[in-house]
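J.: Supplied in structure tokens, the structure appears directly below.
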């Protein structure tokens, strides 16, 4: 199955979700609509709404509410992106200027608030208390994860356990909410709900591990963002944590100093250190392990093209180069 096939099996639904997104971003305030449309039209993989559609369809759900749920998830994700870029002072995402680089921090934060608010209006329209419980919980956990990550910036003593706690909250949580809420909407059995919840968590962890790996292995043209962004912000991600723990004393000292001061002056030296210390291989293998654990969770789903798509999507998530 080619990567595009993940989308082909739900192509009509995906088109409908895009229509809902564009309809819901409409505002009586022109700048809200302009910024909202700018970030939404940037594209991206839209993996989270895809997970909603594939999970719901795999469980046999046929209703249009699955499309509305997928759009709701994408609004939540887009809101977090707007806020993240302001917090991280990022100037590039998906190969073009961030909204905050274009319009400034204040409008970006406020439009992020608008998208959060709109997503909760869409949840109310769904009328499912189990779904609302899952998504409102996820929103809180994501916010906590962002604050935890912020508190660890330039902290070279950050452990692998703390790093995993951060990525579970800030990234994996919305993957988990996507699959878990789709199962809740489909009135799946408790075993299926729990399996899909765990699937989303494991896939989200694998996805973020690869993202953090690519910050030292990728290139700006394919990534659509600046290489070394994490290092510039002083974020102690797993490749750095592993190098400080398992590398030579010289490598550990180099990484520790780079985290503490931030910036990318030593980027090439750091890239060489994480490579020779085995940190990239370690991170890649851990990502593959989580992807395989995610796939194992799908045994509770009926066999068919949607389950196959979820399996292949899991493998694609860790084999990607951007």
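Residue numbers (the working numbering): -7 to 314. By construction, the Cβ of each residue, glycine as well, lies at the ideal position given by its N, Cα and C atoms.
1. Quick check: the region 244 to 260 against the region 174 to 183, are at least 3 beta-carbon pairs closer than 8 Å?
2. Evaluate the contact criterion for the region 84 to 99 versus the region 49 to 59: three or more CB pairs, one atom per stretch, below 8 Å.
3. Across which residues does DSSP place residue 89 in a beta bridge pair?
4. Where are the alpha helix (DSSP H) runs, 4 residues long or more, that stay fully inside the region 253 to 288, in chain order?
5. Count the CB pairs spanning the region 23 to 30 and the region 148 to 163 that are closer than 8 Å, and state whether there are at least three.
6. What ranges does the alpha helix (DSSP H) occupy inside the region 18 to 71, keeping only unbroken runs of at least 4 residues that lie completely in it?
7. Could you tell me the distance, in whole angstroms, from the CA atom of residue 131 to the CA atom of residue 106?
8. Just the Cα atoms here: how many angstroms apart are residue 68 and residue 136?
9. Taking the alpha helix (DSSP H) that residue 135 falls in, what are its first and last residues?
10. When you compare each of 43, 274, 31, 113 to residue 305 by their alpha carbons, which one comes out closest?
11. Give the straight-line distance between the Cα atoms of residue 183 and residue 23, rounded to the nearest whole angstrom.
12. Out of curiosity, what's the CA-to-CA distance linking residue 10 and residue 302?
13. To the nearest whole angstrom, what separates the beta carbons of residue 195 and residue 167, a pair I think is in contact under 8 Å?
14. Does the beta-carbon of residue 241 have 16 or more other beta-carbons within 10 angstroms, so that it is buried, or is it exposed?
15. Go ahead and pull the three-state DSSP assignment for residue 147.
16. How many Å lie between residue 283 and residue 20 at the Cα?
17. Of all the options 40, 73, 74, 77, which has the alpha carbon lying nearest to the alpha carbon of residue 61?
18. CA-CA distance, residue 230 and residue 76?
19. Going straight from the alpha carbon of residue 173 to that of residue 8, what length do you get?
20. Going by DSSP, what residue range makes up the alpha helix (DSSP H) through residue 313?
T.: From the atom records:
1. no
2. no
3. Reading the chain shown from its first residue, position 97 is the one you call residue 89. Its beta-bridge partners are 84.
4. 259 to 268, 271 to 288
5. no
6. Counting whole runs of 4 or more residues, the region 18 to 71 contains the alpha helix (DSSP H) stretches 22 to 32, 39 to 50.
7. Position 139 of the chain shown holds residue 131. Position 114 of the chain shown holds residue 106. In a straight line, the C-alpha of residue 131 is about 14 Å away from that of residue 106.
8. For the purposes of this step, residue 68 is taken as the residue at position 76 of the chain shown. For the purposes of this step, residue 136 is taken as the residue at position 144 of the chain shown. Distance between the alpha carbons of residue 68 and residue 136: 15 Å.
9. Taking the first residue of the chain shown as 1, we reach residue 135 at position 143. Segment 121 to 143, the alpha helix (DSSP H) holding residue 135.
10. Against the chain shown, residue 305 aligns to sequence position 313. Out of 43, 274, 31, 113, the CA that lies nearest to the CA of residue 305 is found in 43.
11. Taking the first residue of the chain shown as 1, we reach residue 183 at position 191. Taking the first residue of the chain shown as 1, we reach residue 23 at position 31. So the alpha carbons of these two residues sit roughly 45 Å apart.
12. For this step, residue 10 is matched to residue 18 along the chain shown. For this step, residue 302 is matched to residue 310 along the chain shown. Rounded to whole angstroms, residue 10 to residue 302 spans 20 Å at the Cα level.
13. As a position in the chain shown, residue 195 is number 203, starting the count at 1. As a position in the chain shown, residue 167 is number 175, starting the count at 1. That belief holds up - the Cβ atoms of residue 195 and residue 167 are roughly 5 Å apart, short of 8 Å.
14. Counted from its first residue, the chain shown places residue 241 at position 249. Residue 241 comes out exposed.
15. If you number the chain shown from 1, residue 147 lands on position 155. In the structure shown, residue 147 falls within a coil segment according to DSSP collapsed to helix, strand and coil.
16. Taking the chain shown and counting its residues from 1, one reaches residue 283 at position 291. Taking the chain shown and counting its residues from 1, one reaches residue 20 at position 28. Cα to Cα, residue 283 sits roughly 43 Å from residue 20.
17. Locating residue 61 in the chain shown gives position 69, counting from the first residue. Ranking 40, 73, 74, 77 by Cα distance to residue 61 puts 40 first.
18. Here residue 230 refers to the residue found at position 238 when the chain shown is read from its first residue. Here residue 76 refers to the residue found at position 84 when the chain shown is read from its first residue. Per the coordinates, the alpha-carbon of residue 230 lies some 19 Å from the alpha-carbon of residue 76.
19. Counting from one through the chain shown, the residue named residue 173 turns up at place 181. Counting from one through the chain shown, the residue named residue 8 turns up at place 16. The straight-line gap separating the alpha-carbon atoms of residue 173 and residue 8 is approximately 19 Å.
20. As a position in the chain shown, residue 313 is number 321, starting the count at 1. It is not in any alpha helix (DSSP H) - residue 313 carries neither H nor E in the DSSP assignment.
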